[in-house]
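A short write-up of the structure that comes next.
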Amino acid sequence: MQKVFAMSSATTQSFDPASLRYDANGLIPCIAQDHDNHEVLMMAWMNAESVARTLETGKVTYWSRSRQSFWVKGESSGHVQELVDLRLDCDRDCLLAVVRQTGPACHTNRRSCFYTAVREGEEVELMAPMV
């Protein structure tokens, strides 16, 4: 006899970006994943304000540690990330942004920032830059 498992119903509660667990610099890692094919595209940092801006605008907004400023993904390149869903991990110290990606996600013009694998002690390039 096959057992049937019921999905628990979703619960909702008001979300406050301040409720997340940020590091000593006030930052939290955010992984961007493609909505259609579930490919991991990139990882970048957010702070409470960039989380709020992302939720408000639907355009994924990160915090640039090198420039010490906000950057809306694709603002200058046109390779935008439209937010589909923002998810929190169980410890509330990492985010997953499920996005609709236009063009490459990586600044090297590749679809994903994770284009290098380590196989048998060697680095292997998995994808070339997009044309």
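Numbering (this note's numbering), first residue to last: 1060 to 1190.
Positions of the beta carbon are idealized from the N, C-alpha and C atoms, including for glycine.
These numbers come from a predicted model, not from an experiment.
Name the one or two DSSP bridge partners that M1189 has.
Residue 1189 sits at position 130 when you count from the first residue of the sequence shown. According to DSSP, M1189 bridges with nothing at all.
Pull up the distance between the alpha-carbon of H1097 and that of P1163, whole angstroms please.
The residue you call residue 1097 lines up with position 38 of the sequence shown. The residue you call residue 1163 lines up with position 104 of the sequence shown. Using only the alpha carbons, I get a separation of about 15 angstroms.
How many Å lie between L1154 and L1147 at the Cα?
For the purposes of this step, residue 1154 is taken as residue 95 along the sequence shown, with counting starting at 1. For the purposes of this step, residue 1147 is taken as residue 88 along the sequence shown, with counting starting at 1. In a straight line, the C-alpha of L1154 is about 5 angstroms away from that of L1147.
How far does the alpha helix (DSSP H) with A1107 in it reach, from first residue to last?
Looking up residue 1107 in the sequence shown gives position 48. It spans 1107 to 1116 - the alpha helix (DSSP H) in which A1107 sits, taken as one unbroken run.
Simplified DSSP assignment, three categories, for I1090
Against the sequence shown, residue 1090 aligns to sequence position 31. Note: I1090 maps to strand in three-state DSSP.
When the distance is taken between beta carbons, is V1139 closer than 8 angstroms to E1094?
Stepping through the sequence shown from its first residue, residue 1094 is reached at position 35. Stepping through the sequence shown from its first residue, residue 1139 is reached at position 80. Here residue 1094 is His; the residue named in the question, Glu, does not match the sequence. Cβ atoms of H1094 and V1139: not closer than 8 angstroms.
Using 8 angstroms as the threshold, is the stretch 1104 to 1114 in touch with the stretch 1159 to 1176, meaning 3 or more CB pairs across them?
The answer is no - the stretch 1159 to 1176 does not touch the stretch 1104 to 1114, with fewer than three Cβ pairs under 8 angstroms.
Since S1123 is in the beta strand (DSSP E), which residue starts that stretch and which ends it?
Locating residue 1123 in the sequence shown gives position 64, counting from the first residue. Boundaries of the beta strand (DSSP E) harbouring S1123: 1120 to 1123, taken from the DSSP string.
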